[in-house]
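Here's the structure we're looking at; comments come further down.
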Amino acid sequence: MTPTTSYISWPTTTASLSELLNIDTDVKKCHALTKRNARCKKDISKANSALIAYLLEKVITRGSFSAAQATLQEVSCLIMCRRYHQEEGPARLAEWETVLKPLKVVLIKNEDKEDTLKPEKETDNMSPITAVISSQPQIQPKSNTPITIPTPRRRSQSSPSTPTKPSPKLLQPKLLSPKSPKASHEFEDFSRPRSTLETNKAMKKLLLRPLKEQETKNGGNIYLYTYPESYHDAHPYIKIGFSQDVRKRMQNWKYRCGYDAKVLGEFPAEHYVKVERIVHAQLWNQRKREKVCSACNVRHQEWFKVDAMTASKIIALWTGWMRREPYDEEGNILDKWRVRVEGLDMADPDCWDLLVKGLFDDDVEESELSEGDNFAWSSDEQSEISEEDTFRGYETDKPEITFTDDESDDEAYVEDDER
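Just so you know, numbering that gives the first Met the number 0 puts 329 at position 330 of the sequence shown, and the rest follows in order with no gaps.
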């Protein structure tokens with residue numbers, strides 16, 4: 000049965016996408032029809048069901064059928080049972096093409112990619128001052144005395160009854176103002192919520208995964224900012240991203256989206272792309288997506304409904320952990336950290352504090368332990384490990400946080416594992 004739809008633009012939720020594709024929101028059974036025209040009752044594995052949910056979220060971020068075709072092809076095979084109906088995947092994909100291809104393309108901001116600031120020369124040449132030429136007639140004040148406006152034109156004979164058009168007048172240069180200084184920003188959930196167990200398992204996978212090429216970069220920053228109009232709100236929406244030059248990134252947002260971002264914090268970070276992804280994964284349930292930016296027509300992905308202090312503590316936790324060099328030169332996690340991560344209780348919401356701040360046997364020199372000493376997963380402040388070592392990357396990170404209320408002059412996800 001070919002799906003039908005009244006939609007005119009690309010879907011923004013997995014529920015609407017599932018409706019368009021005519022598939023179950025929670026895929027548990029094969030979607031093919033038997034010879035008797037009845038739904039196949041063969042089960043879809045839990046692993047494949049979870050993968051389908053992930054891929055559907057990925058499809059949403061693509062914004063068009065052509066961009067999402069490869070992902071949809073994978074989905075079309077996964078919703079069919081392996082035993083009888085794998086060959087029906089291509090036909091299902093063809094049906095989806097007829098439904099999705101006519102939909103209005105939505106530009107999706109892929110905000111977890113390479114830091115894409117304009118080259119320095121180009122940025123430096125972007126002057127915020129421009130001369131504005133007005134070609135509109137000047138409005139004359141009511142007065143009995145006529146006002147003469149000199150115009151650079153040759154003397155010509157004109158009838159007294161013929162109005163004279165004033166020449167264009169050069170106005171004083173003025174600053175480019177935001178396109179929509181009081182624009183309202185509307186957000187929607189980025190994805191379905193995850194349980195503590197699901198969130199922690201996703202983070203575990205991310206931590207154990209070797210560094211990708213982009214994640215090997217050092218010398219960057221994790222920043223968080225909010226809109227100028229929500230700066231004084233108790234719980235504003237907060238954007239969390241990375242950049243090698245935060246000031247230039249804020250200028251980039253200003254020229255692109257028409258607002259002066261209010262920076263709430265900056266955190267120097269090693270492997271800053273990896274750190275950003277870890278932070279985003281931990282704040283999965285607080286993540287939001289802007290429906291559409293009125294200035295640039297992009298759906299920005301990296302917004303969060305979380306208070307700045309909570310976000311700052313999480314960022315400080317992971318920037319501190321990354322300074323301890325948990326990955327080797329080839330980008331693989333060190334064995335001692337692998338053992339620690341794999342030993343965590345994924346059902347414990349505080350397991351990551353324990354990983355970063357906890358005391359482990361191999362943190363203490365063998366000579367410092369008396370016979371019979373055996374301890375791990377301890378945060379005993381009386382131990383011989385200094386507080387600085389124990390809480391590295393957390394409370395001791397305060398000096399690296401720069402809070403400012405200065406109106407200064409982003410990007411990176413979502414093709415990644417966490418999206």
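Positions of the beta carbon are idealized from the N, C-alpha and C atoms, including for glycine.
- Distance from the Cα of Cys76 is smallest, within the candidate group Leu102, Ile237, Leu333 and Cys29, for Cys29.
- With a threshold of 16 other beta carbon atoms within 10 Å, Val272 meets it and is buried.
- Distance from the CA atom of Thr195 to the CA atom of Lys100, rounded to whole angstroms, is 37 Å.
- When rounded, the separation of the alpha-carbon atoms in Trp9 and Asp259 is 30 Å.
- Across the set Gly257, Glu269 and His279, the C-alpha of Gly257 shows the shortest separation from the C-alpha of Cys295.
- Taking the CA atoms as reference points, Val104 sits about 6 Å from Gly62.
- Contact between Val355 and Gly319 holds: their C-beta atoms lie close to 7 Å from each other, under 8 Å.
- In this structure, Tyr222 and Glu265 form a Cβ contact; the two beta carbons are roughly 5 Å apart against a cut-off of 8 Å.
- Distances from the CA of Trp283 to each of Thr198, His234, Glu289 and Leu353 were compared; the closest alpha carbon is that of Thr198.
- Residues of the same chain with their beta carbon placed closer than 7 Å to that of Ala93 are lacking, with the five preceding and five following residues left out of the count.
- Arg246 sits in a helix when the DSSP states are folded into three classes.
- Around the beta carbon of Leu207, a 10 Å sphere encloses fewer than 16 other beta carbons of the protein chains shown; the residue is thus reported as exposed.
- If you draw a 10 Å sphere on the C-beta of Met79, you find 16 or more other C-beta atoms in it, and that means buried.
- When the five nearest sequence neighbours on each side are left out, the beta carbons in the same chain lying within less than 7 Å of the beta carbon of Glu269 are those of Asn217, Met321 and Arg322, in order along the chain.
- Of the residues Arg35, Glu86 and Ala52, the one whose Cα lies closest to the Cα of Ala14 is Ala52.
- Bridge partners of Val58 according to DSSP: none are assigned.
- Within the segment 301-353, the runs of alpha helix (DSSP H) at least 4 residues long that lie entirely inside it are, in chain order, 307-322 and 334-341.
- Inclusion of Ile59 and Leu16 in the CB contact set at 8 Å is warranted, their separation being smaller than that value.
- When the Cα atoms are used, Cys350 and Glu324 turn out to be separated by approximately 20 Å.
- The criterion of a C-beta distance shorter than 8 Å is not satisfied by Ala201 and Leu263.
- Nearest in C-alpha terms to Tyr224, of all of Leu333, Trp317 and Val305, is Val305.
- Partner residues in the beta bridge of Tyr224, as assigned by DSSP, are Lys238 and Val262.
- Annotation for Lys287: the continuous beta strand (DSSP E) segment containing it runs Arg286 to Glu289.
- The alpha-carbon of Arg288 is positioned some 16 Å away from that of Arg276.
- The continuous stretches of beta strand (DSSP E) do not include Phe189, and DSSP gives it neither H nor E.
- The alpha-carbon separation between Met345 and Leu316 amounts to approximately 18 Å.
- Looking at the backbone, the Cα of Val245 and that of Gly357 are separated by about 32 Å.
- Counting along the chain, Gly218 sits inside no alpha helix (DSSP H), nor does DSSP assign it H or E at all.
- For Arg91, the secondary structure class from DSSP, reduced to helix, strand or coil, is helix.
- Excluding its 5 nearest sequence neighbours in each direction, Ile313 has C-beta neighbours in its own chain below 8 Å: Val278, Gln281 and Leu282, listed in chain order.
- The beta carbon of Arg193 sits closer than 8 Å to the beta carbons of Ala201, Trp283 and Asn284 from its chain, once the five residues preceding and following it are set aside; these are given in chain order.
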